[in-house]
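Protein chains: 2
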Amino acid sequence: MTDYKTISGGVTAPNGFQAAGIVAGLKASHQPDLSLIYSESSAIAAGVFTTSQVRAACVDYCRQQLEKQASAQAILCNSGQANAATGQQGWDDAVETAQLLAQTLKIDPTSVLLASTGVIGQRMAMPEFRAGIPPLVEALSETGGNAAAQAILTTDLVTKTIALETTFDDRPVRIGGMAKGSGMIHPNMATMLAFVTCDAAVSTSLWQEMVQRAAQRSFNQITVDGDTSTNDCLLALANGQSRTPAITEPGEKAEKLEAMLTAVCQHLAKAIARDGEGATCLIEVEVTGAPDETAAQQVAKTIAGSSLVKSAIFGRDPNWGRIAAAAGRAGVPFEQENLQVKLGNFLLLKDGQPVEFDRAAASDYLQQAAKGTYLEADTVTITVDLGSGEGSGKAWGCDLSYDYVRINAEYTT
Amino acid sequence: MTDYKTISGGVTAPNGFQAAGIVAGLKASHQPDLSLIYSESSAIAAGVFTTSQVRAACVDYCRQQLEKQASAQAILCNSGQANAATGQQGWDDAVETAQLLAQTLKIDPTSVLLASTGVIGQRMAMPEFRAGIPPLVEALSETGGNAAAQAILTTDLVTKTIALETTFDDRPVRIGGMAKGSGMIHPNMATMLAFVTCDAAVSTSLWQEMVQRAAQRSFNQITVDGDTSTNDCLLALANGQSRTPAITEPGEKAEKLEAMLTAVCQHLAKAIARDGEGATCLIEVEVTGAPDETAAQQVAKTIAGSSLVKSAIFGRDPNWGRIAAAAGRAGVPFEQENLQVKLGNFLLLKDGQPVEFDRAAASDYLQQAAKGTYLEADTVTITVDLGSGEGSGKAWGCDLSYDYVRINAEYTT
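Listed in order, the protein sequences are those of chains A and B.
At the far end of the first sequence sits residue 586, using our numbering, and the numbering has no gaps.
At the far end of the second sequence sits residue 586, using our numbering, and the numbering has no gaps.
See below:
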């Protein structure tokens with residue numbers, strides 16, 4: 174299932190996609206703040222959105238668009254203002270930006286999807302936004318993936334992009350992606366945005382199902398501090414420009430495409446968790462022996478989200494008690510006599526009871542992770558077997574450090 | 174409904190209760206570690222226990238006892254070891270301590286309830302425990318409430334006790350309580366234990382219902398870091414020694430008793446939240462305008478538990494965005510156009526949109542709370558109206574400080 178390779182280019186790696194990112198002046202910092210992904214032909218589109226009752230105008234806009242038609246040609250994203258808690262004015266601004274972009278691109282306004290991230294409760298900097306659209310379109314390029322990825326960042330420390338390639342009938346098929354993560358932004362919301370491009374030819378319904386499942390196995394399984402944003406969204410376009418035969422039925426090719434899509438989403442999700450505010454390492458939790466995948470994911474996410482587990486990892490403390498306690502409160506039934514907990518290769522708990530282990534070596538394992546390089550050696554692995562079924566699932570988080578508190582306490586609205 | 178007054182004495186304030194707390198040597202620190210509450214006559218008993226799948230032996234023991242008979246005469250609690258993740262040996266130890274205490278008190282072993290808090294995965298210090306029981310019984314006294322409250326603490330900074338008194342037919346009726354809180358303990362679990370004594374005469378079924386409801390409106394509505402312990406429990410005894418007529422039906426007297434019981438539980442719950450690790454203030458969240466009380470409680474608890482809200486309060490930042498975002502993701506449907514948020518007396522959000530407010534004064538309000546005295550001036554109040562119904566509910570938490578991370582990161586197993 175993993176016969177794909179990593180390539181460069183991010184969202185512009187797949188055929189027929191262009192992208193751009195520019196400084197339009199929406200951010201006081203004069204960092205890039207306007208980002209565009211453009212497909213040269215109409216692409217099928219799928220979206221996954223925040224479940225919050227408090228939603229940004231762009232989220233409502235995309236949901237409405239995608240209910241009407243499951244296709245799009247452009248994704249316009251700004252950073253600087255989130256366009257949330259902005260009422261009717263915010264909605265009008267969203268509609269206007271979509272129309273302006275459509276005019277400039279000479280496409281139908283219904284082919285434009287929108288995303289925003291930044292300060293909530295403030296109106297978008299519309300003069301700058303309006304003035305920025307022509308140069309943004311002008312900057313579109315087949316190598317613009319990284320510029321686009323830059324322009325969606327807020328307090329993220331690094332850009333988050335990935336592209337994978339496989340072959341169908343000896344022709345390359347590619348999926349690219351970019352995301353922004355959990356760096357909070359004035360006035361401080363954890364917004365996760367992810368955009369995926371794909372040049373496979375695939376039916377709308379299959380693509381939508383794949384995107385839903387991939388999101389469930391990636392973005393929905395990361396946790397930095399348990400807060401959900403008003404603006405969270407994943408938008409995924411597939412434009413068929415690989416010129417490979419259309420995938421319209423479940424089967425080997427669909428599975429191969431979904432595996433690659435899931436890998437793209439998991440890469441971006443892990444990059445977001447790794448870049449969690451103040452984080453020194455990525456925590457990967459794998460749960461096996463659960464009644465089903467959903468139950469396993471639930472337990473994994475509860476462990477990855479536990480403040481006690483997170484601060485123990487930051488303290489380089491091989492604390493099986495906190496891991497077991499988090500598993501126990503996750504709402505999934507299991508027999509504690511069957512519980513097994515591993516930290517890296519160290520078996521800490523077996524049959525629900527602690528076992529002897531080399532505490533210094535286990536602490537050293539945690540210490541080393543904090544010194545690892547980005548997304549390579551810096552992953553702490555927690556493996557939990559519930560001994561109560563065949564279901565397995567993963568979740569990702571990061572440790573809880575002094576810097577998390579500093580960033581979120583000292584950043585005054 | 175609030176015609177009761179605060180009195181001294183804690184769990185020994187109600188008639189016919191004695192208590193004791195001693196140093197038995199279960200803790201390396203030689204702090205008090207063995208606690209006993211004793212009713213001179215058999216009392217009806219109700220319990221509320223952790224919902225975790227990973228439970229201490231004492232929790233399973235109490236649940237079994239209370240399923241067999243809803244009465245008890247003694248509650249034996251040790252601190253130092255939690256007797257969780259200890260397997261069959263832990264169960265046998267629990268049974269032995271109950272039997273030893275029953276022998277010494279000359280009561281039936283089935284009249285003994287058990288609680289433990291401390292290190293998990295370690296066997297209780299049985300030689301010290303055995304040797305401690307005779308002097309513990311010897312120390313029983315009608316003024317022993319505070320000593321008992323001391324002996325259940327772990328890393329708590331203060332004891333948590335309360336006693337309230339009202340009159341039924343011109344005779345005093347009292348409820349006392351003590352609790353330990355969210356100070357974590359080596360190897361670090363947030364255990365909440367609470368014990369309530371009452372000298373009213375009340376039917377078993379009414380008492381059990383009252384205790385369940387009071388727990389739901391107090392202990393189940395506090396959050397320090399979202400972690401649930403293996404040992405959490407509330408045990409409540411009512412021995413009828415006030416010699417007032419038995420309350421056997423719902424009605425005015427039952428309501429009066431329940432109001433007092435709820436007040437006792439809320440006092441203890443707030444004391445636990447206020448003593449959260451590293452906390453500088455108590456956060457009280459009141460939600461109104463929800464579909465029902467449960468929905469209101471859910472939203473309140475989500476806000477009180479949000480790491481972003483908690484760190485904003487620590488940073489003295491009147492951050493309505495984080496409060497609105499937490500409300501939005503609580504799983505309760507509402508129209509964002511109706512959302513209203515107040516911080517103290519400052520209106521921050523109205524009709525889902527930010528309003529002008531005196532930012533410096535609001536920040537000062539938060540600053541003052543941190544300087545308040547214990548459970549008096551140090552409460553930050555967040556009031557949220559969802560505008561979607563008549564339900565209201567409260568939750569309590571504390572701010573998230575550097576010290577939380579320090580305590581939980583640097584405490585090595």
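Where is the CB? At the ideal position from N, CA and C, for every residue including glycine.
As the structure is a prediction and not an experimental result, all values here were calculated from the model.
Own chain residues within Cβ distance below 6 Å of G294(A), not counting five before or after: Scanning its chain for C-beta atoms nearer than 6 Å, with the 5 sequence neighbours on each side dropped, one finds around G294(A) the residues A258, in chain order.
Neighbour flag for G488(B) against chain A, beta carbons, 7 Å: Judged by the 7 Å Cβ criterion, G488(B) is in contact with chain A.
Candidates L455(B), N319(B), A219(B) and A374(B), of which the one nearest K426(B) by Cα: Considering only alpha carbons, the answer is A374(B).
Proximity below 7 Å, CB of V578(A) to CB of S561(B): S561(B) sits away from V578(A), with the two beta carbons spaced by 7 Å or more.
Segment limits, beta strand (DSSP E) that includes G570(A): Judged by DSSP secondary structure, G570(A) falls within the beta strand (DSSP E) whose first and last residues are G564 to C571.
7 Å CB neighbourhood of N319(A) in its chain, flanking five on each side removed: Around N319(A): G183, T332 and T334.
First through last residue of the beta strand (DSSP E) which encompasses P345(B): For P345(B), the enclosing beta strand (DSSP E) starts and ends at R344 to K353.
L330(A): first and last residue of the uninterrupted beta strand (DSSP E) it sits in: Unbroken run through L330(A): none, as it is neither H nor E.
Cutoff 7 Å: G566(B) Cβ touching any chain A Cβ: At least 7 Å separates the CB of G566(B) from every CB of chain A.
M357(A) in three-state terms, based on DSSP: With a pLDDT of 41 at M357(A), under the threshold of 50, the modelled position of that residue is not reliable, and the figure given next carries that caveat. Coil.
Residue-chain proximity (S225(A), chain B), Cβ-Cβ < 7 Å: Cβ-Cβ to chain B under 7 Å: yes for S225(A).
Run of the alpha helix (DSSP H) containing V482(B), from where it starts to where it stops: Here the alpha helix (DSSP H) through V482(B) covers S480 to F487.
Assumed close pair T417(B), V346(B) - CB separation to whole angstroms, cut-off 8 Å: V346(B) and T417(B) do touch by the CB rule: their CB atoms are close to 6 Å apart, below 8 Å.
Spatial distance of Y538(B) from I456(B) (CA atoms): Taking the straight line from one Cα to the other gives about 13 Å.
Beta-bridge pairing of E338(B) - partner residues as DSSP gives them: Bridge partners of E338(B) according to DSSP: K178(B) and R347(B).
Residue-level contact to chain B via CB, A321(A), 7 Å cutoff: Judged by the 7 Å Cβ criterion, A321(A) is not in contact with chain B.
A218(A) - DSSP class collapsed to helix/strand/coil: Strand, per DSSP.
For N404(A), the nearest candidate out of A193(A), A229(A) and K353(A) (CA to CA): Minimum Cα distance to N404(A) is reached at A229(A).
Cα-Cα separation, T585(A) to N492(B): Residue placement at T585(A) is flagged as unreliable, the pLDDT there being 47, under the threshold of 50; a coordinate-derived value is accordingly withheld.
P527(A) - DSSP class collapsed to helix/strand/coil: The answer is strand: DSSP assigns P527(A) an E or B state.
Span of the alpha helix (DSSP H), counted from its first residue to its last, around N319(B): Where N319(B) is concerned, the enclosing alpha helix (DSSP H) starts and stops at G318 to A324.
A497(B), DSSP secondary structure in three states: The three-state reading of DSSP puts A497(B) in helix, counting H, G and I together.
Contact check, G449(A) vs V482(A), beta carbons under 7 Å: In this structure, G449(A) keeps its C-beta atom at 7 Å or more from the C-beta atom of V482(A).
A243(A) vs I280(A) beta-carbon contact at 7 Å: For A243(A) and I280(A), no; Cβs fall outside 7 Å.
Per DSSP, cross-strand counterpart(s) of K241(B): K241(B) pairs with nothing; no bridge assigned.
Residues of its chain near C235(B), where Cβ-Cβ distance is below 8 Å and the 5 sequence neighbours each way are ignored: Excluding residues within five positions, the ones whose Cβ falls inside 8 Å are G220, F222, L286, L287, A288, C406 and L408.
Distance, N251(A) Cα to S181(A) Cα: So the alpha carbons of these two residues sit roughly 24 Å apart.
Limits of the unbroken alpha helix (DSSP H) element including G263(A): DSSP places G263(A) in the uninterrupted alpha helix (DSSP H) bounded by G260 to L278.
Own chain, CB closer than 6 Å to C371(A), minus 5 neighbours either side, in chain order: In chain order, P187, I348 and A411 place their CB closer than 6 Å to the CB of C371(A), counting only its own chain and leaving out the 5 sequence neighbours on each side.
CB-CB length for G189(B) against S214(B), believed under 8 Å: Sure, about 6 Å apart at Cβ, within 8 Å.
Run of the beta strand (DSSP E) containing G305(A), from where it starts to where it stops: First-last for G305(A): M299 to E311, but that is the alpha helix (DSSP H), not the beta strand (DSSP E).
Distance between I486(A) and Y575(A) (C-alpha atoms, nearest Å): For Y575(A) and I486(A), the distance between alpha carbons rounds to 13 Å.
Q394(B) to Q439(B) span [Cα, whole Å]: If you take the alpha carbons of Q394(B) and Q439(B), they lie about 9 Å apart.
Same chain, Cβ closer than 8 Å to E240(B), five either side skipped, listed in chain order: In its own chain, leaving out the 5 sequence neighbours on each side, no residue places its CB closer than 8 Å to the CB of E240(B).
Length of the line joining the Cα atoms of A298(B) and V458(A): The straight-line gap from Cα to Cα measures roughly 34 Å.
N- and C-terminal bounds of the beta strand (DSSP E) containing K515(B): Taken as a continuous stretch (DSSP letters only), the beta strand (DSSP E) holding K515(B) covers Q513 to L516.
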